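Single-structure report; data block below.
Protein chains: 4
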Amino acid sequence: MADHSKNHADHPGRMGKAAYLEQLLPLQVELSCVERRLEQTGQRLLVIMEGRDTAGKGGSIAAISERLNPRRCHVVALSAPSEREQGQWYFQRYVPHLPAAGEIALFDRSWYNRAGVESVMGFCTPAQTAAFLDQAPRFEQLLTEDGLLIFKYWLCVDQAEQEQRFADRRADPLKRWKLSPIDLKAREHYEDYGRARDRMLKGTHTAWAPWTLVDFNDQRVGRLTLIRHLLDHLPASLRRAPPAAEAEGPLPPLGTAPQVERFRGPLKPIPPGV
Amino acid sequence: MADHSKNHADHPGRMGKAAYLEQLLPLQVELSCVERRLEQTGQRLLVIMEGRDTAGKGGSIAAISERLNPRRCHVVALSAPSEREQGQWYFQRYVPHLPAAGEIALFDRSWYNRAGVESVMGFCTPAQTAAFLDQAPRFEQLLTEDGLLIFKYWLCVDQAEQEQRFADRRADPLKRWKLSPIDLKAREHYEDYGRARDRMLKGTHTAWAPWTLVDFNDQRVGRLTLIRHLLDHLPASLRRAPPAAEAEGPLPPLGTAPQVERFRGPLKPIPPGV
Amino acid sequence: MADHSKNHADHPGRMGKAAYLEQLLPLQVELSCVERRLEQTGQRLLVIMEGRDTAGKGGSIAAISERLNPRRCHVVALSAPSEREQGQWYFQRYVPHLPAAGEIALFDRSWYNRAGVESVMGFCTPAQTAAFLDQAPRFEQLLTEDGLLIFKYWLCVDQAEQEQRFADRRADPLKRWKLSPIDLKAREHYEDYGRARDRMLKGTHTAWAPWTLVDFNDQRVGRLTLIRHLLDHLPASLRRAPPAAEAEGPLPPLGTAPQVERFRGPLKPIPPGV
Amino acid sequence: MADHSKNHADHPGRMGKAAYLEQLLPLQVELSCVERRLEQTGQRLLVIMEGRDTAGKGGSIAAISERLNPRRCHVVALSAPSEREQGQWYFQRYVPHLPAAGEIALFDRSWYNRAGVESVMGFCTPAQTAAFLDQAPRFEQLLTEDGLLIFKYWLCVDQAEQEQRFADRRADPLKRWKLSPIDLKAREHYEDYGRARDRMLKGTHTAWAPWTLVDFNDQRVGRLTLIRHLLDHLPASLRRAPPAAEAEGPLPPLGTAPQVERFRGPLKPIPPGV
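Residue numbers (the numbering used here), protein chains in the order written: chain W, 1 to 274; chain F, 1001 to 1274; chain G, 2001 to 2274; chain B, 3001 to 3274.
If you want it as structure tokens, here you go:
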């Protein structure tokens, strides 16, 4: 599983890797069943991940999608809008990425940018944020009435932990890309982000598309909590195991001796170990 | 890292997990540097993964993309074409997914479907396959002349190993989705696939977009070999480390005491351990 | 102007072509001013044309778009949904075609298909139509609150006139494509369409996106009425003439003698009159 | 028909409107037959219109598309590329608009921008233009080999006539949008455009996608010449009339008395003449 949290080991009281993987695996089995059930029922699932920088959005998405079919489960991480997109209805550029029948979409950030980073960093006007907070629940209501299942997660991280992760990223060439100048500037706005988040939760926590807050100060614990919550709150029809018969028994015998990949042309595989 | 190959452990002579992860990590660091260099130079990278069912395409893509920026590195796994798409130029539906400046696209299967599964299973005519084999190198030449970097990998797996993996999938609820009826029917066509592959390699192995064959009978070794090959064959400009200065030194001090995520509304995080 | 209504001349009491063009021209001048005002203000305009077969949707769109900038004014006439689109939120495939800042979109049929042809011909369930009628006003409210201007026109035609036009089409090779088997079957459902339309008007005629019914038994009169209505109901800011200064005065002199298109290669223009 | 060329009347020797329409109509009938034949055979047709400003591209497209099915015949007039598109393969943003089976696409300007306006006005480097001229024929060859029919028209207009049209546009509120600052600057580059055009014709006039030059100093004559040329050079299979049987004979009788549009709700049509 995606798990690069070497620093976790340094923190006494953090979940160890072995325990994490042991608990993760059966959850991934369940997710895989859910995926097949979705395919059978034609239902659609949208999971939105939001949270401060470093909270753990990407890692959670990886933990969910890792063993799912990439043709059925799409990760959506949109770049900044083009100039033309900026002149469109705010939700317009997200709509084409909503899942079709039998599909899952995992949003790494979402339309809630307008209530968070865009608002705090001044990329939109207060009136635009207010309009967004008014529209988002109604937009989501249209989707959920139509049968779309929406789960919205806010991944919580305290500033001391966030500072530690920023420092780790700065020191780690593998993670340095995650540190943009805007991220660094955001450090000075921890409280502002908190206020923006409270306003967002207040305005957009609805019966049809509720927010769930998950403590991600320990990322492994956070991921397990999040996935368990997701699985527990899916409709019963999706949690029921698919009929066992579908793949029962061993494969029919091959009938011939198994072959090796033989290449008749000049191209040969790179020998292992080179 | 994505590594669910529990069966590997059962095979004497297969690479162990610890050794694998130890070797993978520095390669991922290099990939991350490449990604930042791409962003600086505006170059574009396309990696195509092809191979028989179970060969290890998805796992290799996960190993590459795992620590890259999802806004810069896109996994492309297209579903079957719609009826309208079937009436278009064969390459048309792939073109919108080619990477833009500074981006990486990882194709899980590609236009080479026409030379492989579509040809073997009779989803297209022999004339269509012949036309494809004639067009593909010229199409790719247009792209590479324009500066796109194309890497095409064929992941090799012997039938005995493939049979073992099919059997594992059948037994493993996490992997059962990977077993479609077409896959099972493909078992009877191992040799036909080999012939189709040889013809494809013969027709589309070019100086500007060469194929590389990698032995994936041991998936861990295969992934490491593939990533090493990719890194070794990138242009020198992309392998040079980005200027160290970019993130040197510790973060500037925060200035205030670090805060905790405090929620003023009624919504509270799920307590860890629930 | 698009005006192929030769049969009109046969009907006493129908508007003559000369009178039509004389009245149309100043309306098109105004539309052109509106387009430039939209560009200046960044506003967006959506015009939806609905009505029975033969009512005159295409001709009205042509009359509006004819002298507008094709890079700013888009005609949207979507084909039947693909299988994947059928498994999406009903409005999803229309959303990418909503106009961006400064643009006009002219919809030749629209999401209202679900209340009309799909409902009458049994392409959707009564529950789906009911859900649509509930969603459409709320969806449109999101758009209009965001500043999108929506005009919805129902073009009225009596059955005797429609029958005459069907007969004309059948006899006219230029128009025969407009006669699909579904159209012919629709003849038997004139009343059903009327009932479906009444229900649609009842459910979706709102303060923010009202329907306007225009008599199109005389197509020329209908087009003039529709365009006049559109111009009269745009916000005042869009009707004000753009500053005259923008293109005042003659062009600066050319400075050299005007040249002729001279072709230095072997290719020469087709001589006129050949 | 789209015909706003009032100034034509002022020029002795120009074709009159009545003669124009009389000749246009049978050509449009043929185009309509071609469209139905395309639908039956699944062939695809791409028509590219290029030429100096004011040459008559938009009017020619209108004359062709006017009576065709908007769901089958698409006008493609792309705006300037976004920043992301600028970092893609030059042809990438055009490819999604290539016609599918049974469709016609009419391009109002095209990838040839790179050989024309972009080259003359310095929006690309000489190396980029050279690369384009090298790629375009090979790109088009891939398309035509795949069965796409490509027609490329250059609409010729002498500078004196162009100057007259610029002056007309400046004076005409209906056409002023057609006069951008770049257009005006282009006046000083008539010769440069000619040189760029000669180079483009030299490099991209091929057996599989030849250029045809049409004299558009008299727009009406130009349109008729162009459409005639198009019809005369389509494959024989598309020019054959569709089977007459398809819509023979009168419509079956209606069976009931024809009804009038009766509205049961409060909404009533705008009375004609208001």
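Note that CB positions come from ideal geometry on N, CA and C, so glycine has one too. Keep in mind it's a predicted model, so treat the numbers as computed, not measured.
Next on the checklist: Against chain G, does E3261/B count as a neighbour if the rule is that its beta carbon must be under 8 Å from one of theirs?
Outcome noted: Indexing the fourth sequence from 1 puts residue 3261/B at position 261. With 8 Å as the cut-off, E3261/B counts as an interface residue toward chain G.
- Query: Would a C-beta distance cut-off of 8 Å place L133/W and T204/W closer than the cut-off?
  - Reply: In the first sequence, residue 133/W corresponds to position 133, counting from 1. In the first sequence, residue 204/W corresponds to position 204, counting from 1. Contact flag set, yes.
For F1107/F: DSSP bridge partner residues: The sequence position of residue 1107/F within the second sequence is 107, counting from 1. DSSP lists I1048/F, V1076/F as partners of F1107/F.
Quick check: the Cα distance between P1269/F and T212/W, rounded to an integer number of angstroms?
If you number the second sequence from 1, residue 1269/F lands on position 269. If you number the first sequence from 1, residue 212/W lands on position 212. Cα to Cα, the separation comes out at about 7 Å.
task = Note down, in chain order, every chain F residue with its Cβ under 9 Å from the Cβ of G3102/B.
result = Your numbering for residue 3102/B matches position 102 in the fourth sequence. Within 9 Å Cβ-Cβ: G1087.
First and last residue of the beta strand (DSSP E) that includes C3124/B? For the purposes of this step, residue 3124/B is taken as residue 124 along the fourth sequence, with counting starting at 1. No beta strand (DSSP E) contains C3124/B, which DSSP labels as neither H nor E.
Per-residue DSSP class, three states only, for K3268/B
On the fourth sequence, position 268 is the one that residue 3268/B refers to. Note: K3268/B maps to coil in three-state DSSP.
| query | Of all the beta strand (DSSP E) runs that stay within the bounds of the segment 1124-1193 of chain F, which reach a length of 3 or more residues? | reply | 1148-1156
Query - Under 7 Å from the C-beta of M3077/B: neighbouring residues of chain G - result: Working through the fourth sequence from its first residue, we reach residue 3077/B at position 77. The amino acid occupying residue 3077/B in the given sequence is Ala; Met does not appear at that position. The contacting residues are P2070, R2071.
Quiz item: Is the shortest distance between the beta-carbon of F166/W and the beta-carbons of chain F less than 8 Å?
Solution: In the first sequence, counting from the first residue as 1, residue 166/W sits at position 166. Yes, its Cβ sits closer than 8 Å to a Cβ of chain F.
Problem set entry | Secondary structure of V3214/B, DSSP reduced to three states | Sequence index remark: in the fourth sequence, residue 3214/B carries index 214 (1-based). Of the three classes helix, strand and coil, the one that applies to V3214/B here is strand, per DSSP.
**Message:** Please confirm whether K2017/G has its beta-carbon closer than 8 Å to some beta-carbon of chain B.
**Reply:** Position 17 of the third sequence, counted from the first residue, corresponds to residue 2017/G. Chain B contact via Cβ: absent.
Please classify A3018/B as buried or exposed, where buried requires at least 16 neighbouring CB atoms within 10 angstroms. In the fourth sequence, the residue the question calls residue 3018/B occupies position 18. Exposed, because fewer than 16 other Cβ atoms sit within 10 Å of the Cβ of A3018/B.
How big is the Cα-Cα spacing for G2016/G and T2225/G?
Locating residue 2016/G in the third sequence gives position 16, where the first residue counts as 1. Locating residue 2225/G in the third sequence gives position 225, where the first residue counts as 1. If I take the Cα positions, the gap works out to 15 Å.
| said: In the DSSP assignment, the alpha helix (DSSP H) including D232/W goes from what residue to what residue? | reply: As a working mapping, residue 232/W is identified with position 232 in the first sequence. Here the alpha helix (DSSP H) through D232/W covers 219-233.
So what's G58/W in DSSP terms, helix, strand or just coil? Here residue 58/W refers to the residue found at position 58 of the first sequence. In this structure, G58/W counts as helix in the three-state DSSP scheme.
E22/W classed as buried or exposed, judged by whether at least 16 other C-beta atoms fall within 10 angstroms: Position 22 of the first sequence, counted from the first residue, corresponds to residue 22/W. That one is exposed.
### Query
Just reading off the alpha helix (DSSP H) that A236/W is part of, what are its end residues?
Within the first sequence, residue 236/W is the residue found at index 236, counting from 1. 236-239 is the extent of the alpha helix (DSSP H) around A236/W.
Neighbour list for L1143/F in chain B, Cβ cutoff strictly below 7 Å: Counting from one through the second sequence, the residue named residue 1143/F turns up at place 143. By Cβ distance, chain B contributes W3089.
TODO: Quick one: residues in its chain with C-beta nearer than 7 Å to the C-beta of P2271/G, no 5 flanking neighbours on either side, listed in chain order?
DONE: To locate residue 2271/G, count along the third sequence from 1; it is residue 271. Excluding residues within five positions, none has a Cβ falling inside 7 Å.
* Determine the closest residue to W3208/B out of C3033/B, A3055/B, L3046/B, R3093/B, with distance taken between C-alpha atoms. => As a first step, residue 3208/B is located in the fourth sequence; it is residue number 208 there, counting from the start. W3208/B has its Cα closest to that of L3046/B, out of C3033/B, A3055/B, L3046/B, R3093/B.
Check your understanding: Does R3036/B come within less than 8 Å of chain W when only Cβ atoms are used?
Key -> Taking the first residue of the fourth sequence as 1, we reach residue 3036/B at position 36. Taking Cβ atoms only, chain W never reaches closer than 8 Å to R3036/B, which makes this a no.
> Is R264/W buried or exposed, if buried means 16 or more other CB atoms sit within 10 Å of its CB?
Replying inline: In the first sequence, the residue the question calls residue 264/W occupies position 264. Exposed, by the Cβ-count rule.
* **C-beta neighbour in chain B for R1084/F, strict 8 Å** => To locate residue 1084/F, count along the second sequence from 1; it is residue 84. So yes, R1084/F belongs to the interface.
Nearest to Y190/W (by Cα), restricted to the options M121/W, K202/W, P258/W:
By one-based count along the first sequence, residue 190/W stands at place 190. It is M121/W whose Cα lies nearest to the Cα of Y190/W.
Let's test the definition: count the other Cβ atoms within 10 Å of the Cβ of T3256/B and tell me whether it reaches 16, buried, or not, exposed. Taking the fourth sequence and counting its residues from 1, one reaches residue 3256/B at position 256. Counting Cβ neighbours within 10 Å, T3256/B comes out exposed, since fewer than 16 surround it.
Candidates Y2112/G, R2170/G, V2095/G, G2194/G: which alpha carbon is nearest Q88/W's?
The sequence position of residue 88/W within the first sequence is 88, counting from 1. The option with the nearest alpha carbon to Q88/W is V2095/G.
Buried or exposed (CB count within 10 angstroms, at least 16 for buried), I3182/B: Residue mapping note: residue 3182/B aligns to position 182 of the fourth sequence, counting from 1. Burial call: exposed.
Review point. By the criterion of Cβ-Cβ separation under 8 Å, what are the contact partners of D2146/G in chain W?
Key: Here residue 2146/G refers to the residue found at position 146 of the third sequence. Here the neighbours are W89, Y90, A131, Q135.
Q: Mind checking which residues open and close the alpha helix (DSSP H) that includes V1029/F?
A: For the purposes of this step, residue 1029/F is identified with residue 29 of the second sequence, where counting begins at 1. Here the alpha helix (DSSP H) through V1029/F covers 1017-1041.
> Of all the CB atoms in chain W, is at least one closer than 8 Å to the CB of Q1219/F?
Replying inline: Within the second sequence, the letter at position 219 stands for residue 1219/F. No, because no Cβ of chain W sits closer than 8 Å to the Cβ of Q1219/F.
Margin query: Counting only C-beta atoms, is A2170/G closer than 8 Å to chain B at any point?
Written below: Within the third sequence, residue 2170/G is the residue found at index 170, counting from 1. Note that residue 2170/G corresponds to Arg in the displayed sequence, not to Ala. Yes, its Cβ sits closer than 8 Å to a Cβ of chain B.
field: Contacts that W211/W makes with chain F (C-beta to C-beta distance below 7 Å)
entry: By 1-based counting over the first sequence, the position of residue 211/W is 211. Those are L1267, listed as they occur along chain F.
task: Check whether the Cβ atoms of T2206/G and P2258/G lie closer than 8 Å to each other.
output: Here residue 2206/G refers to the residue found at position 206 of the third sequence. Here residue 2258/G refers to the residue found at position 258 of the third sequence. For T2206/G and P2258/G, no; Cβs fall outside 8 Å.
Residues near M3200/B by beta carbon distance below 8 Å, same chain, minus five either side:
Here residue 3200/B refers to the residue found at position 200 when the fourth sequence is read from its first residue. Counting only Cβ-Cβ distances below 8 Å, and skipping sequence neighbours, we find Y3112, A3115, G3116, L3133.
Buried or exposed, going by whether 16 or more other CB atoms sit within 10 Å of the CB of S180/W?
Looking up residue 180/W in the first sequence gives position 180. It is exposed - the Cβ of S180/W has fewer than 16 other Cβ atoms within 10 Å.
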